[in-house]
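**Q**
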Amino acid sequence: MSYLLTLPESLNLKSAVRGDVRLATITNVNLAATVTSIDGVSLADKDRVLVKEQSVPSENGIYEWSSGTSLLTRSPEDGLYLQSGFIATIQEGTTLKNTLWMLITPNPITVGVTNLTFGQLAPSVANPPPMHFLSNASNVDGNTTEISLGAVPFSPSVYASLTSIEFIVILSASDTTFTATVKLYNVTDREFVTGTTLNTTNTDPTKLTSGPLTVGTASGNVKTSERLYQVWVSISGASINDQAFLDSAYFFIS
Numbered sequence: 594m595s596y597l598l599t600l601p602e603s604l605n606l607k608s609a610v611r612g613d614v615r616l617a618t619i620t621n622v623n624l625a626a627t628v629t630s631i632d633g634v635s636l637a638d639k640d641r642v643l644v645k646e647q648s649v650p651s652e653n654g655i656y657e658w659s660s661g662t663s664l665l666t667r668s669p670e671d672g673l674y675l676q677s678g679f680i681a682t683i684q685e686g687t688t689l690k691n692t693l694w695m696l697i698t699p700n701p702i703t704v705g706v707t708n709l710t711f712g713q714l715a716p717s718v719a720n721p722p723p724m725h726f727l728s729n730a731s732n733v734d735g736n737t738t739e740i741s742l743g744a745v746p747f748s749p750s751v752y753a754s755l756t757s758i759e760f761i762v763i764l765s766a767s768d769t770t771f772t773a774t775v776k777l778y779n780v781t782d783r784e785f786v787t788g789t790t791l792n793t794t795n796t797d798p799t800k801l802t803s804g805p806l807t808v809g810t811a812s813g814n815v816k817t818s819e820r821l822y823q824v825w826v827s828i829s830g831a832s833i834n835d836q837a838f839l840d841s842a843y844f845f846i847s
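For the sequence shown, the positions run 594 to 847 when this note's numbering is used.
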């Protein structure tokens, strides 16, 4: 999930668009009434909650819980950054722990007015969650600049029912005159993974997916034994003052 803005805006956006939330609703919630738990877990002050099952869909979105009032109120970031392609990562819950939910309602979105629909991206809690790459160094400046983001170990062999692997990012470009590019790098074997080069010139957050990647032993394949992978980000055709922002990158197992 990303925007191309000023550095302070980008840092705020990284938190908001990444959408790490503690819990998600599994039924309609009376937002005017007090609530103490969601999905079998007791709420704590300032918990972020994905509200996604409202009978009035315009009420859906990211909420914060207050221990003082025991009420859920909209997160202040909702009106600024809740756009099509937003991904929420659910950290806890009896049913929805370790799942991903994407806002699939098309832009333009007016929070509180537009009906919002969230679709599940991640496997159920019974399956391992997708690998999620994050980095504090996710801003790219310059005419042609390339940086690598934090590396994580990953082995597809741990997924007994593996049928395919996809590489997914949410990415945007600050200006349509340049291209923002991401690709997946196998640090262990010093090679890029074939089919993971994804480009955008869209200034709106855009979901980019590689489609199924080849799992195997050949060069450019996702290897069947553990390797260390990085996300590489680059921009081209931009002025030195332009900035590309990568919010998130995922291995998605299906």
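Ideal placement from N, C-alpha and C gives every residue a C-beta, glycine not left out.
Remember, predicted model here, so these are calculated numbers, not experimental data.
1. Consult DSSP for S651 and reduce its assignment to one of helix, strand or coil.
2. Would you kindly check if the distance between the Cβ of Y822 and the Cβ of N779 is under 8 Å?
3. Whole angstroms are fine: how far does the CA of T662 sit from the CA of A626?
4. Give me the Cβ distance between Q684 and N700, rounded to the nearest whole Å; I'm assuming they're in contact under 8 Å.
5. For a minimum of 4 consecutive residues, which ranges assigned as the alpha helix (DSSP H) are wholly contained in the region 666–707?
6. Helix, strand or coil for A626? Go by DSSP, reduced to three states.
7. Tell me the DSSP bridge mates of E784?
8. CA-CA distance, S812 and A773?
9. Within the continuous beta strand (DSSP E) that includes I761, where are the two ends?
10. Could you please give me the residues that DSSP links to T774 through a beta bridge?
11. Does the Cβ of P669 have 16 or more other Cβ atoms within 10 Å, making it buried, or fewer, making it exposed?
12. May I have the straight-line CA-CA distance separating L777 from I763, to the nearest angstrom?
13. Go ahead and label T599 buried or exposed: buried means 16 or more other beta carbons lie within 10 angstroms of its beta carbon, across all protein chains shown.
14. Work out the CA separation of G830 and A766 for me, nearest whole Å.
15. Is it buried or exposed for S717, if we count other Cβ within 10 angstroms and need 16 for buried?
16. Does DSSP put A842 in a helix, in a strand, or in coil?
17. How would you call A579, buried or exposed, if buried means at least 16 neighbouring beta carbons within 10 angstroms?
18. Within 10 angstroms of its Cβ, does N653 collect 16 or more other Cβ (buried), or is it exposed?
19. On the three-state DSSP scale, how would you describe G809?
20. I need the DSSP call for I631, collapsed to helix, strand or coil.
**A** On the basis of the supplied data:
1. Taking the first residue of the sequence shown as position 1, residue 651 is located at position 58. The DSSP-derived three-state label of S651 is helix.
2. Looking up residue 779 in the sequence shown gives position 186. Looking up residue 822 in the sequence shown gives position 229. Their beta carbons are under 8 Å apart, which means N779 touches Y822 by this criterion.
3. Sequence index remark: in the sequence shown, residue 626 carries index 33 (1-based). Sequence index remark: in the sequence shown, residue 662 carries index 69 (1-based). If I take the Cα positions, the gap works out to 10 Å.
4. Walking along the sequence shown from the start, residue 684 turns up at place 91. Walking along the sequence shown from the start, residue 700 turns up at place 107. That pair is no contact at about 27 Å.
5. At a cut-off of 4 residues, the continuous stretches assigned as alpha helix (DSSP H) that sit fully inside the region 666–707 are 671–674.
6. On the sequence shown, position 33 is the one that residue 626 refers to. Correct three-state label for A626: coil.
7. For this step, residue 784 is matched to residue 191 along the sequence shown. DSSP output for E784 lists N779 as bridge partner(s).
8. In the sequence shown, residue 812 corresponds to position 219, counting from 1. In the sequence shown, residue 773 corresponds to position 180, counting from 1. If I take the Cα positions, the gap works out to 25 Å.
9. The residue you call residue 761 lines up with position 168 of the sequence shown. Its beta strand (DSSP E) spans residues I758 to S765.
10. The sequence position of residue 774 within the sequence shown is 181, counting from 1. Paired residues: N792 and S827.
11. The sequence position of residue 669 within the sequence shown is 76, counting from 1. The residue is exposed, with fewer than 16 neighbouring Cβ atoms inside 10 Å.
12. For the purposes of this step, residue 777 is taken as residue 184 along the sequence shown, with counting starting at 1. For the purposes of this step, residue 763 is taken as residue 170 along the sequence shown, with counting starting at 1. Taking the straight line from one Cα to the other gives about 14 Å.
13. In the sequence shown, residue 599 corresponds to position 6, counting from 1. Because T599 sits at a pLDDT of 38, beneath the cut-off of 50, its placement in the model cannot be relied upon, and the following sentence gives the value as read from the coordinates. When all chains shown are included, T599 counts as exposed.
14. Taking the sequence shown and counting its residues from 1, the one referred to as residue 766 is at position 173. Taking the sequence shown and counting its residues from 1, the one referred to as residue 830 is at position 237. Going by the C-alpha atoms only, they are around 11 Å apart.
15. Translated into the one-based positions of the sequence shown, residue 717 becomes position 124. Confidence is the limiting factor: at S717 the pLDDT is only 40, short of 50, which leaves the residue's position unreliable and the question unanswerable from this model.
16. If you number the sequence shown from 1, residue 842 lands on position 249. A842 falls in the strand class under three-state DSSP.
17. Nothing can be reported for residue 579, as the shown portion of the chain is limited to 594 through 847.
18. As a working note, residue 653 is residue 60 in the sequence shown. By the 10 Å Cβ count, N653 comes out buried.
19. Translated into positions along the sequence shown, residue 809 becomes position 216. If DSSP states are grouped into helix, strand and coil, G809 belongs with coil.
20. Position 38 of the sequence shown holds residue 631. Note: I631 maps to strand in three-state DSSP.
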